Structures are given as C-alpha cells and as structure tokens.
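Numbering (my numbering), first residue to last: 177 to 361. Glycine included, C-beta positions come from ideal geometry on N, C-alpha and C. Owing to the predicted nature of the structure, the values given are computational and were not obtained by experimental measurement.
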C-alpha cells in the first residue's frame with residue numbers, strides 16, 4: 177500500500193475529521209443567510225436536533241466513548257456559540273428554541289449506547305451505500321440531493337447549505353462500507 181493510500185484510509189476511516197467537519201459546517205451554516213429556505217418550524221427543529229445528535233456521536237466515536245460527557249458539554253457550548261453568532265449578524269436570528277433543540281439532540285446522543293451507534297452506522301451504510309466509486313463520493317451527495325429536491329419541500333438554497341455535509345458524508349460512507357464489506361471487485 178502506498179503512503180498516500182495509507183494516509184487517505186486513516187483520514188477517512190476515522191471519526192475525528194468527520195466530527196470536526198460537522199462542527200465547521202455548523203459554523204458556516206450559522207453565518208449564511210437562509211432566506212426562508214427551510215420550510216416550517218418543525219423541519220428546522222428536526223434538523224437542529226439531528227445535527228447535534230450526530231455531532232456528539234461523531235466526537236464520541238472519534239475520541240472515545242468514555243469522554244462522551246465532554247462532547248455533550250462541547251455541543252451545548254457550540255450551540256450557544258452558534259446562536260450568539262446569529263444574534264450578532266443582522267441577517268440571522270438567534271432562537272432559544274433552537275438552542276433547546278440543539279441541547280436535546282446532544283442529550284439524546286449522550287444517552288445513546290455505543291452498541292446502538294454501531295447498529296445505526298451499519299444501517300446508514302447499508303441504506304446509503306451506492307457502491308465505491310474511486311474519487312467520486314459526490315455520488316452519495318448527488319443521490320441525497322436529488323431525493324431531497326424532488327421529494328421534500330426544501331428549497332434549492334437549503335440544499336446548497338447541506339451539500340458540503342453530504343459530500344463529506346459520501347466520502348466517509350464509501351470508506352466505511354469498504355471496511356465492512358471489502359473493496360468492490
């Protein structure tokens with residue numbers, strides 16, 4: 177195996193980069209004007225809760241499940257920072273309900289046992305695995321975006337916000353599935 181392949185496999189099979197990428201994408205999304213691209217308050221709250229749920233789980237898997245309480249507190253602080261940033265920006269609004277749902281998602285992740293996380297990851301991998309296409313993780317992002325665009329009520333500006341996360345998820349899922357089922361023939 178070449179050095180570049182070893183570095184790539186370590187980067188994309190570890191949860192640490194995925195956790196930090198998720199936190200960074202939350203920061204970027206807090207700065208971008210949404211312009212009503214997320215229809216309905218319920219959808220917005222589900223996305224907030226699910227995002228912070230994943231944030232705690234990704235950090236826990238990357239840095240150790242015994243430190244999960246630290247990542248729970250980090251997620252609470254990160255959510256508070258995101259709402260503080262949004263309060264300071266004229267084109268965004270801070271919301272106590274968003275902060276509450278962020279904390280709820282982080283708390284549910286704190287309650288999630290490691291074994292359930294493994295089951296959820298295998299389920300996600302088997303549902304979203306399209307096949308390993310070398311250097312083309314956009315397949316996952318493209319498929320997810322098309323599904324969201326044609327089936328859901330989300331606008332195209334919302335899809336532009338979630339595409340970076342979908343792209344990174346596609347890279348990671350491709351490597352994760354290769355670890356589980358082996359490389360394509």
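Counted as a single uninterrupted DSSP element, the stretch harbouring residue 267 is not any alpha helix (DSSP H), since DSSP gives it neither H nor E. Distance from residue 261 to residue 206 at the Cβ level is roughly 5 Å; contact confirmed, criterion being Cβ atoms closer than 8 Å.
Note that the C-beta distance between residue 229 and residue 285 is below 8 Å.
DSSP, reduced to helix, strand and coil, places residue 190 outside both helices and strands of the structure shown, so it counts as coil.
Fully contained in the region 225 to 284 are the following alpha helix (DSSP H) runs of length 4 or more, in chain order: 244 to 264. For residue 288, the three-state secondary structure derived from DSSP is coil. By the CB criterion at 8 Å, residue 194 and residue 234 fall inside the cutoff. Per the C-alpha coordinates, the member of 203, 289, 220 positioned closest to residue 256 is 203. Assignment of residue 208 by DSSP, reduced to helix, strand and coil, places it in the coil class. The beta carbon of residue 263 lies closer than 8 Å to those of 269, 270 in the same chain, with the five residues before and after it left out. The C-beta distance from residue 282 to residue 248 rounds to 5 Å, short enough to fall under 8 Å. Between residue 191 and residue 237, the beta carbon gap of about 4 Å places them in contact (Cβ cut-off 8 Å).
With a beta-carbon spacing of about 6 Å, residue 199 and residue 231 fall inside the 8 Å limit used to define contacts. The C-alpha of residue 294 lies about 15 Å from the C-alpha of residue 244. Restricting attention to 276, 292, 267, the CA atom closest to the CA of residue 220 is found in 276. Cβ-Cβ distances below 7 Å link residue 288 to 233 in the same chain, with the five nearest sequence neighbours on each side left out; the list follows chain order.
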